[in-house]
Amino acid sequence: MSIITLTTDFGTKDHFVGAVKGAIYSELPDAKIVDITHHISPFNITETAYILKNSYKSFPDGTIHIVGVDSELSDDNKHIALELDNHYFICPDNGLICMITKDIKPAKIVEINIHDRVESSFPVLDVFVQVACFISRGGNLGVIGKEISTYKEMTEIQPKVNQEQNKIIGGVIYIDNYGNVISNISKKLFAEVGKGRDFKITAARYTFSKVMTKYNEIVNTEAKDLRQFDGNRLALFNSAGYLEIAIYRSNLKTVGGASTLLGLGYRDTITIEFL
Numbered sequence: 291m292s293i294i295t296l297t298t299d300f301g302t303k304d305h306f307v308g309a310v311k312g313a314i315y316s317e318l319p320d321a322k323i324v325d326i327t328h329h330i331s332p333f334n335i336t337e338t339a340y341i342l343k344n345s346y347k348s349f350p351d352g353t354i355h356i357v358g359v360d361s362e363l364s365d366d367n368k369h370i371a372l373e374l375d376n377h378y379f380i381c382p383d384n385g386l387i388c389m390i391t392k393d394i395k396p397a398k399i400v401e402i403n404i405h406d407r408v409e410s411s412f413p414v415l416d417v418f419v420q421v422a423c424f425i426s427r428g429g430n431l432g433v434i435g436k437e438i439s440t441y442k443e444m445t446e447i448q449p450k451v452n453q454e455q456n457k458i459i460g461g462v463i464y465i466d467n468y469g470n471v472i473s474n475i476s477k478k479l480f481a482e483v484g485k486g487r488d489f490k491i492t493a494a495r496y497t498f499s500k501v502m503t504k505y506n507e508i509v510n511t512e513a514k515d516l517r518q519f520d521g522n523r524l525a526l527f528n529s530a531g532y533l534e535i536a537i538y539r540s541n542l543k544t545v546g547g548a549s550t551l552l553g554l555g556y557r558d559t560i561t562i563e564f565l
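Residue numbers for the sequence shown, in my numbering: 291 to 565.
Now the structure itself:
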């Protein structure tokens, strides 16, 4: 029995998550359902892409991922199912999958065509669940849709490289629970473009000339009171391999986070200039 994960912007106040799980259990009583998150910012495709890319690979091969963010069916927002990196994804074709497909190409993509039999304003419940249960039973993707070769790309997820100015121009794609700001600039791209050169990172009116390897690297090892470093700003490549602007030991209720303290928000520009 495959694991089925759920990633949505439904929140947990309403009935939506419970209804989806109930529908899965009605079809597959022994199903294993894992909540990745239901607290994506409403309709935020970029945030969804970041969370999905950095969570799916921790699951075993054969896992089925239902993604319900901006999922209402329209002519511009088809529903697709993919076999990708030995996982299955059922999601809207709104660009959220392209952060994964940038590095790994899908083995198969189909445009889901069961909508002729199901008219729904809640496609995650009425369509995605059906597809997930079908795949879990060993069903072939070709049965639930026609094979396609293209899917939507989101240019804002990808940073831009200006070779003439020796710059990487990126942006904020996610703000985490600590208020730390994550960019779309990967450690791999930083190394490829930078080639070991000195650099200057600019985020809002702040600059950084060093990237830490971990948060507490900012602490002076001879310091007796580590609290004196609380609230200091730093740049590092986080565990997902993306450039992050952080506040050491940030607490949104006391010290504050990088987003509020440095005035950085979703889609704001972060640049790296190599010297």
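From the three backbone atoms N, C-alpha and C, an ideal C-beta is built for every residue, glycine too.
Cβ-heavy atom distance, A397 to the ligand PLP, below 7 Å: What this structure holds is no ligand at all, so the ligand PLP is not there to describe.
Touch check for the segment 413-425 and the segment 348-364: three-plus C-beta pairs under 8 Å? With the cut-off at 8 Å, the segment 413-425 and the segment 348-364 touch.
Proximal residues to A494 (C-beta, below 6 Å), its chain only, five neighbours per side dropped: Numbered from 1 along the sequence shown, position 204 holds the residue referred to as residue 494. Excluding sequence neighbours, A494 sits near L552, G553, L554.
So, for A358: in the same chain, excluding its five sequence neighbours on each side, which residues have a beta-carbon less than 6 Å away from its beta-carbon? In the sequence shown, residue 358 corresponds to position 68, counting from 1. Contrary to the premise, residue 358 reads as Gly rather than Ala in this sequence. T298, V414.
At least three beta-carbon pairs within less than 8 Å, the segment 325-333 to the segment 297-314: In short, these stretches touch, since the Cβ pair count reaches three.
C-alpha gap between A536 and I390, whole angstroms: Residue numbering aside, residue 536 sits at position 246 when the sequence shown is read from its first letter. Residue numbering aside, residue 390 sits at position 100 when the sequence shown is read from its first letter. Using only the alpha carbons, I get a separation of about 24 Å.
Which ranges would you report for the beta strand (DSSP E) in the segment 415-483 if only whole runs of at least 3 residues count? Correct list: 435-437, 450-452, 457-465, 471-476.
Cα-Cα separation between Y315 and A321, rounded to whole angstroms: Position 25 of the sequence shown, counting from 1, holds the residue named residue 315. Position 31 of the sequence shown, counting from 1, holds the residue named residue 321. Those two C-alpha atoms are separated by around 6 Å.
Nearest residue (CA-CA) to N522, options Y464, G385, I508, Q455: In the sequence shown, residue 522 corresponds to position 232, counting from 1. Of Y464, G385, I508, Q455, the residue nearest in Cα terms is I508.
Taking the beta strand (DSSP E) that T561 falls in, what are its first and last residues? Working through the sequence shown from its first residue, we reach residue 561 at position 271. Judged by DSSP secondary structure, T561 falls within the beta strand (DSSP E) whose first and last residues are 559-564.
Among all the DSSP beta bridges, which residues are the ones paired with P382? Within the sequence shown, the letter at position 92 stands for residue 382. For P382, which the question treats as bridged, DSSP gives the partners H369.
For the segment 455-475 against the segment 420-430, do three or more pairs of beta-carbon atoms, one drawn from each stretch, fall closer than 8 Å, so that the two count as touching? When Cβ pairs closer than 8 Å are counted between the two stretches, the segment 455-475 is seen not to touch the segment 420-430, the count staying below three.
At what residues does the beta strand (DSSP E) containing T295 begin and finish? In the sequence shown, residue 295 corresponds to position 5, counting from 1. Counting along the chain, T295 sits inside the beta strand (DSSP E) bounded by residues 293-298.
What is the DSSP secondary structure of A321, counted as helix, strand or coil? Against the sequence shown, residue 321 aligns to sequence position 31. Correct three-state label for A321: coil.
Nearest residue (CA-CA) to F459, options A397, K436, I491, N344: In the sequence shown, the residue the question calls residue 459 occupies position 169. Just to set this straight, residue 459 is Ile in the shown sequence, not Phe. The residue from A397, K436, I491, N344 with its alpha-carbon nearest to that of I459 is I491.
Between the CA atoms of G308 and K343 - distance to the nearest angstrom: Start at 1 with the first residue of the sequence shown, and residue 343 comes out as number 53. Start at 1 with the first residue of the sequence shown, and residue 308 comes out as number 18. Note on geometry: alpha-carbon atoms of K343 and G308 lie some 24 Å from one another.
Could you give the first and the last residue of the continuous alpha helix (DSSP H) run that contains A339? Numbered from 1 along the sequence shown, position 49 holds the residue referred to as residue 339. Residues 335-343.
8 Å contact criterion, which I604 and L374 should meet: CB distance rounded: Within the shown structure, residues of the chain are numbered from 291 to 565, placing residue 604 beyond reach of any answer.
Buried or exposed: which applies to H377, given that a residue is buried once 16 or more other Cβ atoms fall within 10 Å of its Cβ? Position 87 of the sequence shown, counting from 1, holds the residue named residue 377. Counting the other CB atoms within 10 Å of its CB gives H377 a total of 16 or more, which places it among the buried residues.
If you follow the alpha helix (DSSP H) that M497 is part of, which residue opens it and which one closes it? As a working note, residue 497 is residue 207 in the sequence shown. According to the sequence displayed, residue 497 carries Thr and not Met. Here T497 belongs to no alpha helix (DSSP H); instead the beta strand (DSSP E) covers 496-498.
Which of the three DSSP states, helix, strand or coil, is assigned to Y532? The residue given as residue 532 occupies position 242 in the sequence shown. In the structure shown, the three-state DSSP call for Y532 is strand.
Test item: CB-CB of F489 and L565 under 8 Å: Within the sequence shown, numbered from 1, the residue matching residue 489 stands at position 199. Within the sequence shown, numbered from 1, the residue matching residue 565 stands at position 275. Contact flag set, yes.
Considering only C-alpha positions, which residue in the set G352, N403, K457 is nearest to K368? Start at 1 with the first residue of the sequence shown, and residue 368 comes out as number 78. Closest by alpha carbon: N403.
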